[in-house]
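Protein chains in written order, with the working numbering: chain A, -5 to 436; chain B, -5 to 436. Glycine included, C-beta positions come from ideal geometry on N, C-alpha and C.
2 protein chains.
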Amino acid sequence: MKTILVLGAGRSSSSLIQYLLHNAPVYGWKVVVGDVSEKAAREKIGHNPAGAFTPFDINHVVSSAQSIGSADVVISLLPAFLHPQVAKICLDQGKHLLTASYVSTDIQLMHEKAKSAGLLFLNECGLDPGIDHMTAMQIINRIKQKGGQIESFESLTGGLIAPRTDPENPWRYKFTWNPRNVVMAGQSTAKYLENGKLKYIPYHQLFSRTTRVEVPGFGVFEGYANRDSLQYIDTYALQNINTMLRGTLRYEGFCSAWNILVQLGCCDDSFIVDALENRSQADFFESFLPSGPGTIRKRVASLFNLDDNDEALDKLEWSGFFSDDLIGLEKGSPAQVVEHILSKRWTLKPDDLDLIVMWHRFTYRIGNELKETRASLTCTGESATHTAMARTVGLPLAIAAKLLLTEKLSRRGVQIPTLPEIYEPILAELDSLGIRMSEQEF
Amino acid sequence: MKTILVLGAGRSSSSLIQYLLHNAPVYGWKVVVGDVSEKAAREKIGHNPAGAFTPFDINHVVSSAQSIGSADVVISLLPAFLHPQVAKICLDQGKHLLTASYVSTDIQLMHEKAKSAGLLFLNECGLDPGIDHMTAMQIINRIKQKGGQIESFESLTGGLIAPRTDPENPWRYKFTWNPRNVVMAGQSTAKYLENGKLKYIPYHQLFSRTTRVEVPGFGVFEGYANRDSLQYIDTYALQNINTMLRGTLRYEGFCSAWNILVQLGCCDDSFIVDALENRSQADFFESFLPSGPGTIRKRVASLFNLDDNDEALDKLEWSGFFSDDLIGLEKGSPAQVVEHILSKRWTLKPDDLDLIVMWHRFTYRIGNELKETRASLTCTGESATHTAMARTVGLPLAIAAKLLLTEKLSRRGVQIPTLPEIYEPILAELDSLGIRMSEQEF
């Protein structure tokens, strides 16, 4: 009997826990879910006899060590900033750790200790980071093996809503992930490589300098650059590349509307606006507009040289930014107010399905020939519980746990899934679960 | 014999020290200049028998206390963040303190102690803050005394170059103050009141939402909003005002060119660019431009929808942003690189003269009549040493010291010059020195 401890029973844990419970009888696993909320954990475990709940609060050092000490492998979905603490306990207790979070410096420094203790600390093994690394490396290694020299790599991923969800919603977007991160997205300078040159895009240009992406069967999307694409040149061993861009995908038209909020400064988190109790959403929004005659809609149109019937204006209006409805907050930063206003219409309803879209484009040279490979992965949520986000974040972790417990992962130390021995078996099983890239060659 | 201790012998101390030395024989003063640099202090003192140098380093607590303890009044031109330390010693030693810096919370908390010790801690007594407060309050109190209700107040000040200085310079601007502050200007959200509504302008809108200002005899200027205009509603006792805006003045055309640097993200101070040794200024600038065909100038023109001969492009080109010249730095944040490039042509030469422009506009209601008062003050530097900046920052402090030592300032505690008993005699003497507002009524 092997014990898997899952830390965190939030939204993205549902498919992970379901997979583990489903496989528990076959492999003789006990699946313990640790969370501060017993209710959240019980909802995920149901009445499955292989499942159990344990109270888990990382601030309680002794009981955290006990919970981790009783497990064979720990899968943590806790917020990334807690992972150095979790990893420290795993080191002390001699337990493997799997996460979907970026490797922090603190975690990286544990590499030698984990390795000599025979432990695997596998991180960045969710969707983004996770499936993006795995699918990219599979294609990169294949191109290299046939003698290709990769010249450019662009990779964009988005957590969206399924085409048939909420047809009235002109943004084609809802919060399927941390809403605050969505509102604050892009607030540090984006850095990437384009045609051999370093490029920087400041926040206020990010949503107007987008990349157009077509995904067969799903139409047109647009992407904005992520914070730092440059570090992936080393991660993917692409040292002679000319163009390296990672970004975030949205449905076409999202960015030009979001850009209005950015341009006006509505996503500012640097100060608090007081006394909001009796202020309307329009009144808040107007604080970011120059004074002048005409309706708010007309003034926004005029400020940004838009037609009065521009779809960007429809999106803002649909979200209630021009509305006399009260905000319903006492105070908050502009970013918090925007999040609050958006959440009124951007919260997933029980029948809503989400959609993950991932898209890679590589150009490479073989001999004198310039070739192009495009690959895309789409995943639609099965339900409001088993969202595409929960499946694509949780299943790679679940599969990695299975591989580890069945002794099919021999690599130790701090790792991310960029090695074939890690990504090949995970991608093979994801494929069997319907999560796979489609490729086109040009 | 009274002793005045002047702390800091930098650029802005020249006119202050000259005034004090000039008046020393009349009033029996000794003028001691404290600085870490004896050379800087000796340059200001010359061979004047009333002047003396003392080494002064605020980190040397004992000798700092000795220097301050030997004085009757301390005038500090040290960086604002050092003023709580200076003020603490002044409290301990029972000495008056005069500065041109904003009152920090630490200083404000010393009010009661200073007051009960019979000490005046007069701050914000330079140009901006300083003459701006004094001239504004004089007009505000006059309007109130004749029964006027002030509806709007806009106040803008700029440190510029004199019309005949550097005629080739299309920006009509050079560094006459801390260059880093010029490059970083506006990087927090501007807050002000307009027609009864709170307004916020984010950094990236600041240089496109400017206020046009005409100064009789000096032509057209443009101003951008300062960080926080709202706090001056209380400072000036204008609680029922509808519009309250404070800002910074530049010659017309400056802001649209500076806006290009802001829009592109060139003034970003959040990351370091390495390996600049062999990179040209154009190459650096191009990092902030999307790739594309054509010269840098043409690509900037196209990105911002400008004519190819737009004057904003001329300004950037004159500053060398499109030039193949090497930058001449090893590394630096974009803001540091921009400061370095600009300083090559924006440093004052020995024959250059600077210019201070301050402009106020009030609208007020008397009975049913809406009236407007415009007031402006211009001050041209006398030389590269006795700049307009040094005169307008230093002379109000010097005059305040004279008033204090001749027992014409009886107010005690932490103060700023918004009370008639403080600003009236200072403004009267500034007037006699040629520094005065001209007013127009509409």
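- At a Cβ-Cβ threshold of 8 Å, Ala44 of chain A and Val25 of chain A count as neighbours.
- Comparing C-alpha distances from Leu398 of chain B to each of B:Leu92, B:Trp252, B:Ala231 and B:Ser70 shows the shortest one belongs to B:Leu92.
- Residue environment for Thr289 of chain A: exposed (fewer than 16 other C-beta atoms within 10 angstroms of its C-beta).
- Look at Gln257 of chain B: its C-beta is under 8 Å from a C-beta on chain A.
- Beta-bridge analysis with DSSP links Ile144 of chain B to B:Tyr358.
- DSSP, reduced to helix, strand and coil, places Arg203 of chain B outside both helices and strands of the structure shown, so it counts as coil.
- In this structure, DSSP gives Leu389 of chain A a helical state, which the three-state scheme calls helix.
- Glu433 of chain A and Pro328 of chain A have their C-alpha atoms some 42 Å from each other.
- With a threshold of 8 Å between beta carbons, Thr341 of chain B makes no contact with chain A.
- Within the segment 175 to 192 of chain A, the residues whose Cβ lies closer than 7 Å to some Cβ of chain B are Ser182, Thr183, Glu188, Asn189, Lys191 and Leu192, listed in chain order.
- If you look at Arg136 of chain A, you'll find it in the alpha helix (DSSP H) that goes Ile125 to Gln139.
- Residues are counted here when their Cβ sits less than 7 Å from a Cβ of chain A; for the segment 268 to 290 of chain B these are Glu280, Ser281, Phe282, Pro284 and Ser285, given in chain order.
- Secondary structure of Glu363 of chain B (DSSP, three-state): strand.
- When DSSP states are grouped into helix, strand and coil, Glu188 of chain A belongs to the strand group.
- When A:Glu32, A:Phe215, A:Asn272 and A:Tyr194 are compared, the shortest CA-CA separation from Ser285 of chain B is found for A:Tyr194.
- Residue pairing from DSSP places Glu435 of chain B in a beta bridge opposite B:Thr367.
- Residues of chain B whose Cβ lies closer than 9 Å to the Cβ of Ser264 of chain A are, in chain order, Ser182 and Thr183.
- Apart from the 5 residues on each side of it in sequence, Gln132 of chain A sits with its Cβ closer than 7 Å to the Cβ of Tyr417 and Leu421 in its chain, given in chain order.
- Between Phe265 of chain A and Val331 of chain A, the alpha-carbon positions lie close to 12 Å from each other.
- Contact between Thr151 of chain B and Leu121 of chain B is confirmed by a C-beta separation of about 7 Å, below the 8 Å threshold.
- For Leu116 of chain B against Ala392 of chain B, the beta-carbon gap comes to about 12 Å, at or over 8 Å, which does not count as contact.
- Residue burial is scored here from C-beta neighbours: Lys168 of chain A has at least 16 other C-beta atoms within 10 angstroms and is therefore classed as buried.
- By the C-beta criterion, the segment 343 to 360 of chain B is judged to be in contact with the segment 376 to 384 of chain B, since at least 3 inter-stretch pairs fall below 8 Å.
- Only those residues of the segment 193 to 204 of chain A whose C-beta falls short of 9 Å from the nearest C-beta of chain B are listed: Lys193, Tyr194, Ile195, Pro196, Tyr197, His198, Gln199 and Arg203.
- Given a length threshold of 4 residues, each whole run of the alpha helix (DSSP H) inside the segment 261 to 315 of chain A is given here in chain order: 275 to 280, 290 to 297 and 305 to 312.
- The shortest C-alpha to C-alpha distance from Gly142 of chain B to any of B:Leu336, B:Ile235, B:Thr341 and B:Ala306 is the one to B:Ile235.
- In this structure, the straight-line span from the alpha carbon of Phe147 of chain B to that of Met238 of chain B is close to 5 Å.
- The three-state secondary structure of Ser8 of chain B, taken from DSSP, is helix.
- In the structure shown, Thr381 of chain A adopts coil according to DSSP, grouped into three states.
- By the beta-carbon neighbour count (other beta carbons within 10 angstroms, threshold 16), Tyr96 of chain B is exposed.
- Sequence-distant partners of Gly88 of chain A (beyond 5 residues in either direction) whose C-beta falls short of 7 Å from its own C-beta, in its chain, are Ala111 and Leu113.
- When DSSP reads this structure, Leu243 of chain B sits in a beta bridge with B:Gly217.
- For the alpha helix (DSSP H) assignment, the uninterrupted runs of no fewer than 4 residues enclosed by the segment 102 to 127 of chain B are, from N- to C-terminal side, 105 to 110.
- Taking a 10 Å sphere around the C-beta of Arg385 of chain A, we find 16 or more other C-beta atoms and assign the residue as buried.
- When the Cα atoms are used, Gly28 of chain B and Thr372 of chain B turn out to be separated by approximately 31 Å.
- Of the residues assessed, Val56 of chain A falls on the exposed side of the cut-off, its CB having fewer than 16 other CB atoms within 10 angstroms.
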